[in-house]
Amino acid sequence: MLNMHALYLFHTIAVQGSVTRAADLLNISQPAITAQIKKLEKEIGITLLIPQGRGIALTSEAKELLGFTQRIFAITGQVEQWINEYHQGQRGQIRLAATYLPAHFLLPAWIAKFKQQYEHVDMTITTTNSTDALRQLLQMEVDIAIYGGLAEEQTADIQAEELFRDELWFVVAPNHRYAHQHISLQEMMKEPFVMREQGSSTRERLLALCRTHNTPPPQIPLQFNGLPEAIQAVIAGYGANFVSSFVVRDYVERGQLARVFVNDVYLQNSIAICTRLHEPLSIASQQFIHTIRQDSFIK
Numbered sequence: 188m189l190n191m192h193a194l195y196l197f198h199t200i201a202v203q204g205s206v207t208r209a210a211d212l213l214n215i216s217q218p219a220i221t222a223q224i225k226k227l228e229k230e231i232g233i234t235l236l237i238p239q240g241r242g243i244a245l246t247s248e249a250k251e252l253l254g255f256t257q258r259i260f261a262i263t264g265q266v267e268q269w270i271n272e273y274h275q276g277q278r279g280q281i282r283l284a285a286t287y288l289p290a291h292f293l294l295p296a297w298i299a300k301f302k303q304q305y306e307h308v309d310m311t312i313t314t315t316n317s318t319d320a321l322r323q324l325l326q327m328e329v330d331i332a333i334y335g336g337l338a339e340e341q342t343a344d345i346q347a348e349e350l351f352r353d354e355l356w357f358v359v360a361p362n363h364r365y366a367h368q369h370i371s372l373q374e375m376m377k378e379p380f381v382m383r384e385q386g387s388s389t390r391e392r393l394l395a396l397c398r399t400h401n402t403p404p405p406q407i408p409l410q411f412n413g414l415p416e417a418i419q420a421v422i423a424g425y426g427a428n429f430v431s432s433f434v435v436r437d438y439v440e441r442g443q444l445a446r447v448f449v450n451d452v453y454l455q456n457s458i459a460i461c462t463r464l465h466e467p468l469s470i471a472s473q474q475f476i477h478t479i480r481q482d483s484f485i486k
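Here it is as structure tokens:
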């Protein structure tokens, strides 16, 4: 097998044009570097260096070999750079699962900020409900889950770092009889609700609220897999929704939706970064989480 170390010594001598300069650059004695080159010449059966005055000259074969070594060690340098960038978080892959709220309202800005500094890190984002986001994390299909909600049961295998909280609101169309009114939970639960699919944490929070207050759960005659569709149905005048204030605040301020104030009910929604407990993250993933923590919105 070709001695790559000796080949690199030859390459350095050829590029520097001097055994002395190559030895100084590599911090190797001249006799040692000369001995390595003679050994290489013997192994490959080709003379590479010939004396010329007080220095050396490349043979025609050595000049041809230099063309190969320039490509070899250029690639080697690229590999070393790639390894360094990987360990510095400049390269790699991040797989994310996120629930609707962070995926649509928070992640775009976080990712844009992150990619400005780490443009060569590949990112894959899956938007799903809270149950599936945590399932993907536990089954190692993703590296990080950005979770909007509050799980009733938090598995011991997941570490959650809360970023901030927002309120959960009951909302209806502006012309609804309960718009801007203060009513009881029992009255609110008599309204038809437009909700997301089973597995949505907000839907589960609503059902848990009913159990806590010993109130019959609402009827959910209209169900969507996406939150925008559910919100648009309520705006159009059908039913009510129980949703993060972060999602509907602009609709309420524009008068497209109206809040219903349910007596003695104040719930908050937690936005959290979830990772697998006791499992080290890649440098790129650590850098992305650092970017999220440093975002001005959550300081």
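Note that my numbering has the sequence shown beginning at 188, numbered continuously upward. By construction, the Cβ of each residue, glycine as well, lies at the ideal position given by its N, Cα and C atoms. Owing to the predicted nature of the structure, the values given are computational and were not obtained by experimental measurement.
Exposure of residue i, with buried meaning 16 or more beta-carbon neighbours within 10 Å
i	result
Arg480	exposed
Arg278	buried
Pro467	exposed
Lys250	exposed
Met188	exposed
Ala356	Looking at the sequence provided, one finds Trp at residue 356 rather than Ala. So Trp356 ends up on the buried side.
Ser216	exposed
Gln268	exposed
Arg398	exposed
Pro405	buried
Val266	exposed
His363	buried
Leu393	buried
Ser247	exposed
Leu396	buried
Phe301	buried
Gln223	buried
Asn214	exposed
Glu339	Here Glu339 scores only 45 on pLDDT, less than 50, and its place in the model should not be relied on; the value that follows carries that caveat. It counts as exposed.
Gly336	buried
Leu293	buried
Ser483	Because the pLDDT of Ser483 is 45, which lies under 50, any placement of that residue in the model is unreliable, and the number read from its coordinates should be weighed accordingly. Counting Cβ neighbours within 10 Å, Ser483 comes out exposed, since fewer than 16 surround it.
Ala209	buried
Leu194	buried
Gln385	exposed
Leu444	buried
Thr286	buried
Ile476	buried
Ile262	exposed
Thr311	exposed
Ala320	buried
Beta bridge counterpart(s) of residue i as assigned by DSSP
i	result
Pro238	Ile243
His369	Phe448
Glu349	Ala459
Trp356	Val430
Gly279	Val308
Gly254	Paired residue(s): none; Gly254 is not in a bridge.
Phe411	Arg383
Ala284	Thr313 and Ala332
Residue range of the alpha helix (DSSP H) that includes residue i
i	result
Val434	Ser432 to Glu440
Gln323	Ser317 to Leu325
Ser223	Here residue 223 turns out to be Gln, not Ser, going by the sequence shown. Gln223 -> alpha helix (DSSP H) spans Gln217 to Ile231.
Ile407	That residue, Ile407, is in no alpha helix (DSSP H); it is neither H nor E in DSSP.
Ala209	Val206 to Leu213
Gln443	It is not in any alpha helix (DSSP H) - Gln443 carries neither H nor E in the DSSP assignment.
Leu196	Met191 to Gln203
Glu378	Where Glu378 is concerned, there is no enclosing alpha helix (DSSP H), given that its DSSP letter is neither H nor E.
Ala395	Ser388 to Thr399
Arg480	Ile470 to Gln481
8 Å Cβ cutoff met for residue i and residue j
i	j	result
Glu348	Ala471	no
Val329	Ala427	no
Ile331	Val447	no
Ile333	Pro361	no
Gln368	Leu464	no
Arg383	Asn456	no
Val421	Met375	no
Val381	Tyr438	no
Val452	Leu372	yes
Ile190	Leu227	Here the sequence assigns Asn to residue 190, which means Ile is not the residue at that position. Yes, these two residues count as a Cβ contact at 8 Å.
Tyr350	Thr313	A small fix is needed here, since residue 350 is Leu in this sequence, not Tyr. Cβ distance not < 8 Å, so Leu350 and Thr313 don't count as in contact.
Gln474	Tyr305	yes
The beta strand (DSSP E) enclosing residue i, as first and last residue numbers
i	result
Thr313	Val308 to Thr314
Arg383	Val381 to Arg383
Ala182	This structure cannot settle anything about residue 182, because the visible part of the chain is limited to 188 through 486.
- Determine, using beta-carbon pairs with one atom in the stretch 233-243 and one in the stretch 198-205, whether at least three such pairs fall under 8 Å. Output reads yes: the stretch 198-205 touches the stretch 233-243.
- Would you call the stretch 418-434 and the stretch 371-390 in contact, with 3 or more CB pairs under 8 Å? These segments touch.
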